[in-house]
Each structure stands twice: as structure tokens, then as C-alpha cells.
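Under the numbering used here, read the sequence shown as residues 3 to 267, first letter to last.
Using N, Cα and C, we set each Cβ at its ideal position, and we do this for glycine too.
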Amino acid sequence: MYTDADVALVRRMDQLARGGMALSRAAKLSLDEFAGGSIAAQADVPYAPLLAALLEFDEERALAAWQAVAKGRDIVALLDRIVSPLMIAVGEGWHRGEVSVAQEHFASEFVRSRLEAIGQQVCPSPASKAVVVACLPGEDHDLAPLMLATVLRLTGLRSIFLGRNVPIDDLAYAVEDTGAGIVALHATTGEAGALLTDCAKRLNNTRTRPAIVYGGQYFDENAAQQNENEEQHGPRSVFYGGNSLGTAIHIIQQLAERIRPRGMS
Numbered sequence: 003m004y005t006d007a008d009v010a011l012v013r014r015m016d017q018l019a020r021g022g023m024a025l026s027r028a029a030k031l032s033l034d035e036f037a038g039g040s041i042a043a044q045a046d047v048p049y050a051p052l053l054a055a056l057l058e059f060d061e062e063r064a065l066a067a068w069q070a071v072a073k074g075r076d077i078v079a080l081l082d083r084i085v086s087p088l089m090i091a092v093g094e095g096w097h098r099g100e101v102s103v104a105q106e107h108f109a110s111e112f113v114r115s116r117l118e119a120i121g122q123q124v125c126p127s128p129a130s131k132a133v134v135v136a137c138l139p140g141e142d143h144d145l146a147p148l149m150l151a152t153v154l155r156l157t158g159l160r161s162i163f164l165g166r167n168v169p170i171d172d173l174a175y176a177v178e179d180t181g182a183g184i185v186a187l188h189a190t191t192g193e194a195g196a197l198l199t200d201c202a203k204r205l206n207n208t209r210t211r212p213a214i215v216y217g218g219q220y221f222d223e224n225a226a227q228q229n230e231n232e233e234q235h236g237p238r239s240v241f242y243g244g245n246s247l248g249t250a251i252h253i254i255q256q257l258a259e260r261i262r263p264r265g266m267s
């Protein structure tokens, strides 16, 4: 998913940060260093200016950097190649104590505001095929599923984004109310991921018995859990959405093609 240039830049930022440099300064210095070499000639290392602006709480500069990286990219490429690694860098910096809670929240809310603005550009018909997108109970990281819900809207599906930490019964009620034939679930932790089985059983008792597409860091890093999910639920009802936004979109679109539009018998 990332180019050699992406990896090289992030590694250099990480090296500087581990040496005690503030992450915002490390991002700036790394970009300056690469500006003198061939890596800077590639267009695939543009998120460092956005990262630096966000960590300095500079919204005006962050917006300009966002517009620069968005230019000429489709939405999936923007989110998969720019936003995802950007937020990974912020999260890793937070875990190392180099990014404050305030910086992490500012970066997250900036990205959230951009996604919401993009999603509001379209309003799918109530008759469109519905996909419920939610975090499993106990999961508080909802930017990745918000990215998914945003792109689904742009493809013409009626994505219904429920956000973080959704109780299983409430999720089932939403599926019943909307008639959704697909549910996309997200987990980054083992505690949340372990609830996938209970969730699948509950959703299987709803009227639509939706297909489930699951993803997130926990599942990406646990192949054994993926195999267990398929053994328990069968490959025709529960699907691993892959480790990229593009893969998840493709799987959901394929599933949606099998669903009759609302109002058709």
C-alpha cells in the first residue's frame, strides 16, 4: 500500500523522534532532508507538511496541505495513501509519548471534518441499498470506518454510520430499521474484536440477516482470528475486508450487487 519513499520518510521521522526530537520538528526536518535527493521528486511523500501543520495546531496551513495532497487523487487513493499513514504516524507518536492527547485530537477532528465535508456532497436515495458501518462494542477509534462510510456514499450506497462503541442490540435495531443487507464492523483491539462472533449471531437473527464485513488493526494482525471467523460463520456470511480501504470497498460493492434494491420483490 505504501511506496519505498513513504516508508523511507516515515522511518526517518521515527528515527529523529526516538532521538528526542518533537514529532512536529522531526516531520519538518525529514521533509527538508528528502528535498535534496531523488525521493523528493516523487509525489508520494506529501503528507509530512500536513502532519507538521496538524501537530502545530495550524488549521490554515493544514487545510492548504490537505488541498495540495487531494489535488489529482481520487478519494480512495487520498484516504489509503495519505490519510491512513498520516493517522498511523500520529497514533504511534502518541503511544511513544511524543504526541500529546491534544495534538492527536486536533489531527483526528481535522480529518473528521474533511471527511464529513466530502460525505455531504452527496445524499443517496432512501431506496438505495443500505450498509450499516459501525465500531464493535468497546472500540473508540472510528476514523477508519468513517472513511469507509464516506466512500460508500460516493459510490451510491446508503451508508449509515453509527460511529464508535455501538452496543450489539442497538446495532441490530439499526439493521432492522434500515433493512440493511450489509454491516461493516471495525475493531483495533482484541477486546472489541472478540465480540465479532456475538455480534454475528445477533445479526443473523434479524430480518435481513446481513452479510458482515469486518476489518481493523486487530484483524489485520491476527490471521488466526480471520480463519476462526470463517470456520464459525462460513465464508458466505462473514467476510474479512482486507487491510486497505480499496479492498473493503470492492468486497462491499460485490456483496451489494447480490442485494435487491428496496421495494423490489
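* **Beta-carbon proximity check, residue 133 vs residue 184, cutoff 7 Å** => yes
* Asked: How would you call residue 131, buried or exposed, if buried means at least 16 neighbouring beta carbons within 10 angstroms?
  -> buried
* Asked: Can you tell me where the alpha helix (DSSP H) with residue 168 in it begins and where it stops?
  -> No alpha helix (DSSP H) contains residue 168, which DSSP labels as neither H nor E.
* Asked: Which partner residues does residue 241 have in the DSSP bridge list?
  -> 215
* Asked: Do you know offhand how far residue 176's Cα is from residue 29's?
  -> 42 Å
* To do: Would you check if the distance between the CB atom of residue 106 and the CB atom of residue 96 is smaller than 7 Å?
  => yes
* Any 3 or more C-beta pairs closer than 8 Å across the segment 185 to 196 and the segment 212 to 222 -> yes
* To do: Can you give me the Cβ contacts of residue 212 inside the same chain, cut-off strictly under 8 Å, excluding the 5 residues immediately before and after it?
  => 134, 177, 182, 183, 184, 185 and 205
* Asked: What is the residue span of the beta strand (DSSP E) that residue 188 lies within?
  -> 184 to 188
* Confirm, please, whether the CB-CB distance from residue 76 to residue 246 is below 7 Å. => no
* Beta-carbon separation (whole angstroms), residue 26 vs residue 62, contact threshold 8 Å -> At roughly 16 Å, the Cβ-Cβ gap does not stay under 8 Å, so residue 26 and residue 62 are not in contact.
* What is the rounded straight-line gap between the Cα of residue 56 and the Cα of residue 74? -> 22 Å
* Asked: residue 72 to residue 80, Cα distance in whole Å?
  -> 6 Å
* To do: Given a cut-off of 7 Å, decide if residue 155 and residue 124 are closer than it, judged by their beta-carbon atoms.
  => yes
* To do: Give me the Cα-Cα distance between residue 224 and residue 86, rounded to the nearest whole angstrom.
  => 19 Å
* Under 7 Å, do residue 139 and residue 160 count as touching if we go by C-beta distance? -> no
* N- and C-terminal bounds of the beta strand (DSSP E) containing residue 135 -> 132 to 137
* What are the boundary residues of the alpha helix (DSSP H) that includes residue 110? -> 103 to 121
* Residues that DSSP places opposite residue 86 in a beta bridge -> Residue 86 is not bridged to any residue.
* Around the Cβ of residue 258, are there at least 16 other Cβ atoms within 10 angstroms (buried) or fewer (exposed)? -> buried
* To do: Would you mind sorting residue 70 into buried or exposed? The rule is 16 or more other CB atoms within 10 Å of its CB.
  => exposed
* Asked: Going by Cα to Cα distance, which pick from 91, 118 and 60 is closest to residue 150?
  -> 118
* Minimum C-alpha distance to residue 148 - residue among 209, 203, 24 and 116 -> 116
* Just curious, the alpha helix (DSSP H) that residue 201 is in, first and last residue? -> 198 to 205
* Asked: How close, in whole Å, do the beta carbons of residue 214 and residue 240 come, if the pair is a contact with beta carbons under 8 Å?
  -> 5 Å
* Considering only residues of the same chain and omitting the five flanking positions on each side of residue 169, which have a CB-CB separation below 8 Å? -> 139
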